[in-house]
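Colleague: Handing you a structure now.
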Amino acid sequence: MAEPGTDEPSSRTGSPDGEGQVSGERLLLHQRLAVRELIDTELSYLHVLRLCASDIRSSLQQLPQRDLDVLFSNIDDVIEVNSRFLHDLQETASRKEEQVHLIGNLFLECHEELERVYKVYCASYDQALLLLDTYRREPELQREIQSIIEAVLPQAGPSGLSFLLVIPLQRITKYPLLLQKILENTVPDASAYPVLQRAVSALQDVNTNINEYKRRKEVASKYTKVEQLTLRERLARLNTHTLSKKTTRLSQLLKQEAGLVPRTEDKEFDDLEERFHCVSLCVTEMKNNVAVYLDNLEAFLCFRPQEYDLDIPGGPVVQYCSLMRDLQLQAFPYFKQRLKGLVWQPLCSLAKALAGPQNLIKKRLDKLLDFERVEEKLLEVGSVTYEEQEARHTYQALNSLLVAELPQLNQLAMRWLGQILCTFMGLQRELAQQVLQRAEGSLAQLPHYHLSEPAFRKLVEDALGQTGHQLRSFQENFEKVLPPPTVQPLLPGAERQVQALLSRYGPEKLYQVTSGVSGAGTLDLTLPRGQIVALLQNKDTRGNSSRWLVDTGGRRRSKSRSGLTRTPVT
Amino acid sequence: MENSSTMSKSAVKISLDLLSNPLCEQDQDFLNMVTALDTAMKRMDAFNQEKVNQIQKTVIEPLKKFGSVFPSLNMAVKRREQALQDYRRLQAKVEKYEEKEKTGPVLAKLHQAREELRPVRDDFEAKNKQLLDEMPRFYHSRLDYFQPSFEALIRAQVGYYSEMQKIFGDLTQQLDQPGHPDEQRERENEARLSELRALSIVADD
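Line by line, the protein sequences are chains A and B.
Per numbering that gives the first Met the number 0, residue 0 is the first one in the first sequence, and the count goes up by one each step.
Per numbering that gives the first Met the number 0, residue 0 is the first one in the second sequence, and the count goes up by one each step.
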């Protein structure tokens, strides 16, 4: 007897076995379709990308290269990665049973690379949109662009370039969805199932990371610009909104200072910041010191002793002058130039590069104050406005950005600084080498080249001692005042006077005036040259020995001592 | 001379400031490098000072001595000049009387004038001769006088730069830095800069 349960499965719609098999087949079919969709869409996606990157980009001649770089960003990298990806995808088609498993593995292998190239493209997409906006304002240009695109890809439609450029963004977000579809159509106990699950979550993470990266980049570019604003521009920027922001921050800061509100202590960040601060200080100090060093080098090189003509032919003097000339023309300028290019310039670039992060750190502090206030409000009230939520997010983005990148920044900066220092040392060594080479050449031609240093010094000392004597004798010679002519003719009619003086005072007291004296004071005498006077006292009434009391035979007066010499009077 | 001292001092300051930076406490390698550089700079400064002293003794002072003779020489020249003036004056007087009629008083005055002239002329000629003798000898003496000084200058430079080469040679060897050509150094600087710029937190302009 036939049991009711043994009816033909195909006519039973309620039987589990039958249903299972049907849905199993249906599942498989849908899976196959989903896989097919994945591969086909990948193929056409790549095709469109290639057209964009080659035909369209090269046809857009009228746009400057700079713009093209912004619009197309790293599309070549994307194409390269996706080509390999497609190739591998297509390979899996040959392995029917394991295909889904392989596809899952492929995604797991590739997702990091995908994240790497797509995040760059996505981050610059906004800038590309801005650029397209500017094009839209020029109708002529816009028409040209549109016609080029329509020639290559008619399906692009009226939105043209923006439609095409957004395609990679759409693609990367599609992957998780395509994978999800395959997953749904896979039996849970298939070996591929867990693999697919991991692949789905991996691609979802990729998208999250890309968004986070984009956000950080936006925040960074908003705040790193070290803007040089004039006072006017700063005032113009003030409005009630910014004023209220600033006052709120200030009050928050004051509350913290006063201990009314706890400060958010983030040790990790503080350590990073401190290190950054040290690095920054190091760079600034070194930059300043090198600047001073360069200035002093300039001053040093201004002095050119070799340009003064001593009129000494031959010998060490000539050697010295030619040595100095060579050094001034070659070795030192070369050193200076290298110092500027290989030490000073890099220091300046490094210092400039550190200005952005400095700004960000400042901004983070501001945003931190905002964040803390919002947290307070959240505690008190339980909800916050959209703006406040934004403020929280901005702070968090800034903070995570800084925490992620400051370690690397510090390390890179330190490494560079170390290299610059080593270059500095290397340059000094090479300068010494060059100067020494040239100077030793000069040394070899000196007469006392073979002498050791102490022997040479003794030699110089002796030589200088000798010439010192010689100089002194020259000096004495020049200072020697030759005795004046001994016999001065007597003035007419003075003989009798002289006789009188002679008899009164004796010959040793008689002096002759050698140069005419005109008395200045009331007690002074005016005496012509040649007059004979008798010395009464060799000092005046006040005891001043530069003035003498003399008798001219007529009057007794004092006169200054100069111009009187003792003469033998015959 | 002060210029080279200033330069040397500013080089020392570079390493000194680096040494005082707290980074040195955190990073052993950095500390080693900076300490080595600092030692090198201080030694170079010491050598520079020695060089300056040496040059002071062998070049500057002799130069000054040579220069100090010139005032005396100038005085002697002035005195000769004055004697020349007196000579000319009296010579003119004599000639004036010689041209006049030879009367009694005139002859007496002429005789007087000649008597006055004689010692003055002798004086001038003595001074003149002295200068004619001595001045060329003095001028000539500079040749031999300065040679040792310039030799000393060159030797001082050789001494200083050979020390410098040794010190920095040791330093670069110690810190394992082979001599790179300039292009390579430039490339490395560019590479460092691009690495920094790759970070989002570094503004790129």
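For every residue, glycine included, the Cβ atom is placed at its ideal position computed from N, Cα and C.
Please read all numbers here as calculations on a predicted model, not as lab measurements.
Classify Tyr174/A: buried if its beta carbon has 16 or more other beta carbons within 10 angstroms, exposed otherwise.
Modeller: It counts as buried.
Colleague: Establish whether the CB of Ser140/B and some CB of chain A are separated by less than 8 Å.
Modeller: Chain A, which has a Cβ nearer than 8 Å to the Cβ of Ser140/B, makes this yes.
Colleague: Taking Ser348/A as the query, report the chain B residues whose CB atoms sit under 7 Å from its CB, ordered along the chain.
Modeller: Correct list: Leu192.
Colleague: Examine chain A for any beta-carbon lying closer than 8 Å to the beta-carbon of Ala10/B, and answer yes or no.
Modeller: It does; some Cβ of chain A falls within 8 Å.
Colleague: Does DSSP put Asp188/A in a helix, a strand or coil?
Modeller: It is coil, neither helix nor strand.
Colleague: Among residues of its own chain, excluding the 5 on either side of Val373/A, which ones have a beta-carbon nearer than 7 Å to its beta-carbon?
Modeller: Cβ within range, chain order: Val383, Glu387, Ala390 and Arg391.
Colleague: Counting only C-beta atoms, is Arg186/B closer than 8 Å to chain A at any point?
Modeller: No, Arg186/B does not count as interfacial toward chain A.
Colleague: Could you say which of Tyr44/A, Lys362/A, Gln436/A and Thr239/A lies nearest to Val165/A if we only look at CA atoms?
Modeller: Ranking Tyr44/A, Lys362/A, Gln436/A and Thr239/A by Cα distance to Val165/A puts Tyr44/A first.
Colleague: Taking just the CA atoms, how far does Leu152/B sit from Ser7/B?
Modeller: The alpha-carbon atoms of Ser7/B and Leu152/B are separated by roughly 18 Å.
Colleague: Would Thr38/B count as contacting chain A if we go by Cβ distances under 8 Å?
Modeller: Not an interface residue.
Colleague: List, in chain order, every chain B residue whose beta-carbon is nearer than 7 Å to that of Cys109/A.
Modeller: Near Cys109/A there are no residues of chain B at all, since even the closest Cβ is about 23 Å away, more than 7 Å.
Colleague: Within a Cβ cutoff of 7 Å, which residues of the same chain sit near Leu131/A, ignoring the five residues on either side of it in sequence?
Modeller: Excluding residues within five positions, the ones whose Cβ falls inside 7 Å are Leu160 and Ser161.
Colleague: Under a three-way DSSP split, which group does Arg196/B fall into?
Modeller: It is helical.
Colleague: Along the chain, where does the alpha helix (DSSP H) containing Cys281/A start, and where does it finish?
Modeller: From DSSP, the alpha helix (DSSP H) with Cys281/A extends over Lys266 to Cys301.
Colleague: Let me know if Ser9/B comes out buried or exposed under the rule of 16 or more other beta-carbons within 10 Å of its beta-carbon.
Modeller: Buried is the call here.
Colleague: Report buried or exposed for Lys118/A, applying the criterion of at least 16 other Cβ atoms within 10 angstroms of its Cβ.
Modeller: Classification for Lys118/A: buried.
Colleague: Compute the distance between the beta-carbons of Gly417/A and Met32/B, then report whether it is under 8 Å.
Modeller: Going by C-beta atoms, Gly417/A is nearer than 8 Å to Met32/B.
Colleague: Where does Gly355/A land, buried or exposed, given buried means 16+ other C-beta within 10 angstroms?
Modeller: Buried: at least 16 other Cβ atoms inside 10 Å.
Colleague: Quick one: what does DSSP say Ser451/A is sitting in, helix, strand or coil?
Modeller: In this structure, Ser451/A counts as coil in the three-state DSSP scheme.
Colleague: Restricting to runs no shorter than 4 residues, where is the alpha helix (DSSP H) found entirely within the stretch 140-214 of chain A?
Modeller: Those alpha helix (DSSP H) runs which fall completely within the stretch 140-214 of chain A and span 4+ residues are 159-164 and 166-183.
Colleague: Closer than 7 Å, Cβ to Cβ, to anything on chain B: give me those residues from the stretch 32-63 of chain A, in chain order.
Modeller: Residues: none.
Colleague: Asn104/A lies in the alpha helix (DSSP H); which residues open and close that run?
Modeller: Where Asn104/A is concerned, the enclosing alpha helix (DSSP H) stretches over Gln98 to Arg135.
Colleague: Compute the Euclidean distance between the alpha carbons of Asn73/A and Glu194/B, then round it to the nearest angstrom.
Modeller: Roughly 18 Å between the two C-alpha positions.
Colleague: Determine the direct distance from the alpha carbon of Lys213/A to that of Ala127/A, and round the result to whole angstroms.
Modeller: Going by the C-alpha atoms only, they are around 14 Å apart.
Colleague: Note the first and the last residue of the continuous alpha helix (DSSP H) segment covering Val316/A.
Modeller: From DSSP, the alpha helix (DSSP H) with Val316/A extends over Pro315 to Asp325.
Colleague: Please look up how many angstroms separate the CB atoms of Leu293/A and Lys339/A, rounded, as I've assumed it's under 8 Å.
Modeller: The Cβ separation is near 7 Å, so the contact holds.
Colleague: Using a cut-off of 9 Å between C-beta atoms, extract the partners of Thr57/B located in chain A.
Modeller: Those within 9 Å of Thr57/B in chain A are Arg456, Val459, Glu460 and Leu463.
Colleague: Looking at the secondary structure, which residues open and close the alpha helix (DSSP H) in which Pro345/A lies?
Modeller: Residues Gln344 to Val380.
Colleague: Using the beta-carbon count (16 or more within 10 Å), is Leu70/A buried or exposed?
Modeller: Buried is the call here.
Colleague: DSSP state of Glu100/B, grouped into three classes?
Modeller: Three-state result, Glu100/B: coil.
Colleague: Once the 5 residues before and after Asp369/A are set aside, which same chain residues still bring their CB inside 6 Å of it?
Modeller: Same-chain partners within the cutoff: Ala390.
Colleague: Taking only the alpha-carbon atoms, compute the straight-line gap between Thr38/B and Leu322/A and give it to the nearest angstrom.
Modeller: The straight-line gap from Cα to Cα measures roughly 30 Å.
Colleague: In chain A, which residues lie with their C-beta within 8 Å of the C-beta of Asp26/B?
Modeller: The answer, in chain order, is Met413.
Colleague: Kindly indicate which three-state DSSP category Pro135/B falls into: helix, strand or coil?
Modeller: Helix.
Colleague: Measure the CB-CB distance between Val434/A and Leu326/A and report whether it falls below 8 Å.
Modeller: Yes, the Cβ-Cβ distance between Val434/A and Leu326/A is below 8 Å.
Colleague: What does His447/A reach in chain B if we use C-beta pairs closer than 9 Å?
Modeller: Within 9 Å Cβ-Cβ: Pro147, Glu150 and Arg154.
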